[in-house]
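Accompanying notes for the structure given below.
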Amino acid sequence: MENLNQKIRKSAVKYGLILGLVTTALSIIAFYTVTAPSISAILFIVAPILLRLFIPMIVVVALCFQVRKSVGGLWTFRQATTGIFIMLATAYVVEVLGKDLLFDKVIEPQGVEKTQQAAISTKIANMKSRSIAQAKIDASIADMKKDFAQKDTSTVGSVLVSNGYIVLFLFVFALIFASLLRNAVLVKAENNG
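To convert, take the position in the sequence shown, counting from 1, and add 216; that gives the numbering used here.
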């Protein structure tokens with residue numbers, strides 16, 4: 217049984233690395249899509265949701281099945297939770313290293329400012345297309361800039377707390393997927409024997 221658990225962990229790390237690379241690439245594509253000079257308001261909203269939520273969710277499901285298949289197709293709820301959590305945690309570490317540290321700090325250090333400017337430009341274009349008065353547009357943009365300034369202040373403590381919440385969310389997500397992907401036949405056999 218220990219051999220199967222080791223196999224699950226190794227497979228989960230392997231597919232977690234793949235998932236991390238995919239989500240990192242999709243995050244970078246989403247950044248460049250959102251900060252494109254002529255982007256519509258709809259694409260500004262839809263692109264990040266599609267590229268950072270829906271497509272990664274499909275990839276997660278596919279890779280969960282791959283992990284299960286790579287270990288023989290049979291695993292208990294505990295093994296499924298462990299494997300899926302390891303895969304998700306590995307992917308998160310890869311994305312933090314690839315996107316948050318390498319891309320955001322080295323390749324595109326002004327990425328936050330570019331994204332904020334794109335949001336402001338999109339909002340202005342959207343409001344002008346609806347013939348809203350310039351005074352209301354200016355007030356709305358001032359509010360956005362104030363919100364951006366408040367979000368820019370992060371401390372080591374707030375980063376640690378947010379990462380703690382993310383790990384907790386990943387574990388809950390792993391529990392949910394494990395309950396959906398465990399083997400019913402194996403569970404019945406364990407309960408009867």
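The beta carbon of each residue, even a glycine, is placed where N, CA and C say it ideally should be.
Using three-state DSSP, classify residue i as helix, strand or coil.
i: S256; result: coil
i: R225; result: helix
i: N399; result: coil
i: T251; result: coil
i: R268; result: helix
i: A246; result: helix
i: T239; result: helix
i: Q326; result: coil
i: T371; result: coil
i: S378; result: helix
i: A334; result: helix
i: I357; result: helix
i: S345; result: helix
Report all residues from its chain with a CB closer than 8 Å to the CB of residue i; omit the five preceding and five following residues, and keep chain order.
i: A351; result: none
i: N221; result: Q295 and T298
Alpha carbon to alpha carbon, what distance is there between residue j and residue i?
i: L317; j: F364; result: 20 Å
i: T297; j: A257; result: 39 Å
i: N219; j: P253; result: 53 Å
i: I224; j: V312; result: 23 Å
i: S347; j: T338; result: 14 Å
i: A285; j: I336; result: Per the sequence shown, residue 285 should be read as Lys rather than Ala. Taking the straight line joining both Cα atoms gives about 47 Å.
i: V238; j: K362; result: 33 Å
i: S383; j: I392; result: It should be pointed out that residue 383 corresponds to Val in this sequence rather than to Ser. Distance between the alpha carbons of V383 and I392 is about 14 Å.
i: L269; j: D354; result: 32 Å
i: F301; j: S345; result: 46 Å
Would a check of beta-carbon distances place residue i closer than 9 Å to chain B?
i: Q326; result: Here there is only one protein chain, and chain B is not present.
Taking only heavy atoms of the ligand PLP into account, decide whether any of them is closer than 8 Å to the Cβ of residue i.
i: A341; result: Absence of the ligand PLP is noted for the structure shown, with no ligands found whatsoever.
Spatial neighbours of residue i within its chain, please: C-beta separation below 6 Å, excluding the five flanking residues on both sides.
i: Q282; result: Y231
(message) Please give the ranges of any alpha helix (DSSP H) in the segment 271-323, keeping only runs that are unbroken, at least 4 residues long and fully inside the region.
(response) 271-286 and 293-311
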